[in-house]
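These notes are about the structure you will find just below.
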Ligand code: IMP
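Numbering (this note's numbering), first residue to last: 558 to 979.
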């Protein structure tokens with residue numbers, strides 16, 4: 558197996574960072590392929606927790622090569638902050654982290670636009686992370702974006718940033734929002750370029766060469782299947798394709814190169830920001846899941862909305878991405894619940910459906926549940942599948958049966974050691 562793609566199967570925050578980190582000792586190259594600093598991948602090594610926004614999670618192992626692929630929208634100042642923090646704690650990535658020359662830059666005017674557009678949406682605001690992601694992808698699709706390759710030419714970079722800032726100012730003025738200082742943004746971009754330009758290269762060739770040389774490559778998805786621009790809960794989605802197809806295009810490899818698709822799902826569901834969430838629990842159980850699971854956004858600190866495992870949505874994500882195996886995370890957080898609810902269908906217009914609807918129907922979907930008995934006690938000491946409570950194993954078997962994919966890994970805590978493989 559040389560190429561593994563790892564995808565979030567819910568609304569992001571499934572614990573992908575931990576799973577990537579826990580599996581990356583057996584990986585040569587780890588690639589981020591879409592999204593940007595809206596992601597917050599938490600990795601815990603020993604006593605230290607790190608949140609990585611742009612650096613691939615698997616890079617905390619000393620010999621792994623990292624790639625920020627062409628599908629990523631890259632905030633240069635944010636990346637440097639992250640690299641400096643990692644270097645200060647002994648993780649020097651120099652010479653082993655590479656940035657695609659085709660990756661688009663996120664600059665301060667994108668963040669300003671993100672805020673202005675959210676304000677304009679009023680009651681219908683999406684609840685974005687305000688990291689400038691949507692406006693950067695708008696520029697990419699509009700063919701006006703500035704790419705990382707342009708970091709190599711400071712004169713051109715300055716001119717392009719000033720030109721784009723002026724164009725954004727025309728839009729910001731029409732939205733009645735304060736304008737940006739193009740020269741100041743250009744100064745910052747040029748300063749970042751001096752440090753980042755040596756890391757910029759043709760990563761499409763790098764990744765394809767690694768595959769040809771039978772190296773082990775892990776493509777690390779960001780966000781999740783239900784936030785995918787095409788297949789998620791549009792318009793309450795992110796602006797990239799979190800789907801496997803987005804990952805492939807986002808690092809420039811052919812579909813047939815992928816040997817294994819691993820999906821990561823939490824044993825319950827969470828969502829940050831607005832949008833439909835059929836199994837959301839507004840009561841005590843939802844609050845307990847939030848408290849026990851520390852469900853606060855790793856990028857924005859916002860409390861996450863919490864609810865039960867939704868097998869209609871999970872099956873949709875597994876099926877549309879061709880997921881071979883599921884890593885089930887945060888199983889320990891279910892401990893203490895008197896009942897574990899699992900959504901098996903939606904009631905819509907008087908009928909029960911088992912497919913994930915598009916459009917506004919998902920807003921109106923009422924969940925149909927199957928209840929399993931709860932369990933008590935800590936799971937963090939469990940080291941083998943048979944150590945897990947019987948009721949949890951029943952939930953897992955039911956999930957496998959419904960989604961037609963095996964659960965091959967169960968995570969019972971944030972530490973690398975709290976990972977049970979089957
Ligand atoms: P944006 O990606 O910042 O434009 O945000 C669009 C939606 O995706 C919002 O609901 C965000 O909360 C959500 N989102 C974006 N990135 C993540 C993530 O990494 N985890 C969870 N939700 C995310």
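Where a beta carbon is used, it is the ideal one built from N, C-alpha and C, also for glycine.
Extent of the continuous alpha helix (DSSP H) to which residue i belongs
i, result
"residue 719", "711-731"
"residue 803", "801-806"
"residue 871", "868-878"
"residue 691", "690-698"
"residue 843", "841-849"
Residue of the options minimising C-alpha distance to residue i
i, options, result
"residue 621", "955, 919, 944, 767", "767"
"residue 690", "872, 702, 681", "702"
"residue 884", "638, 957, 646", "957"
"residue 796", "864, 683, 945, 730", "683"
"residue 963", "919, 908, 872, 857", "872"
"residue 848", "861, 750, 836, 857", "861"
"residue 938", "973, 571, 594", "973"
"residue 628", "894, 844, 799, 898", "799"
"residue 585", "722, 729, 763, 866", "763"
"residue 759", "606, 624, 728, 825", "624"
"residue 601", "578, 666, 695, 610", "578"
"residue 672", "582, 836, 692", "692"
"residue 709", "954, 788, 747, 893", "747"
Range covered by the beta strand (DSSP E) that runs through residue i
i, result
"residue 950", "That residue, residue 950, is in no beta strand (DSSP E); its alpha helix (DSSP H) goes 947-960."
"residue 822", "817-823"
"residue 665", "Residue 665 -> not in any beta strand (DSSP E); alpha helix (DSSP H) instead, spanning 665-678."
"residue 910", "908-910"
"residue 590", "No beta strand (DSSP E) holds residue 590; DSSP gives it neither H nor E."
"residue 965", "963-968"
"residue 930", "923-930"
"residue 864", "862-864"
Local Cβ density within 10 Å of residue i, reported as buried at 16 or more and exposed below that
i, result
"residue 741", "exposed"
"residue 614", "buried"
"residue 567", "buried"
"residue 580", "buried"
"residue 657", "buried"
"residue 906", "exposed"
"residue 680", "exposed"
"residue 895", "exposed"
"residue 619", "exposed"
"residue 859", "exposed"
"residue 838", "buried"
"residue 969", "buried"
"residue 729", "buried"
"residue 855", "buried"
"residue 647", "exposed"
Distance between beta carbons of residue j and residue i, contact taken as under 8 Å
i, j, result
"residue 783", "residue 874", "7 Å"
"residue 707", "residue 713", "6 Å"
"residue 959", "residue 925", "Not confirmed; about 12 Å, so no contact."
"residue 662", "residue 704", "7 Å"
"residue 988", "residue 899", "Coverage of the chain is limited to positions 558 through 979, which leaves residue 988 absent and any answer about it impossible."
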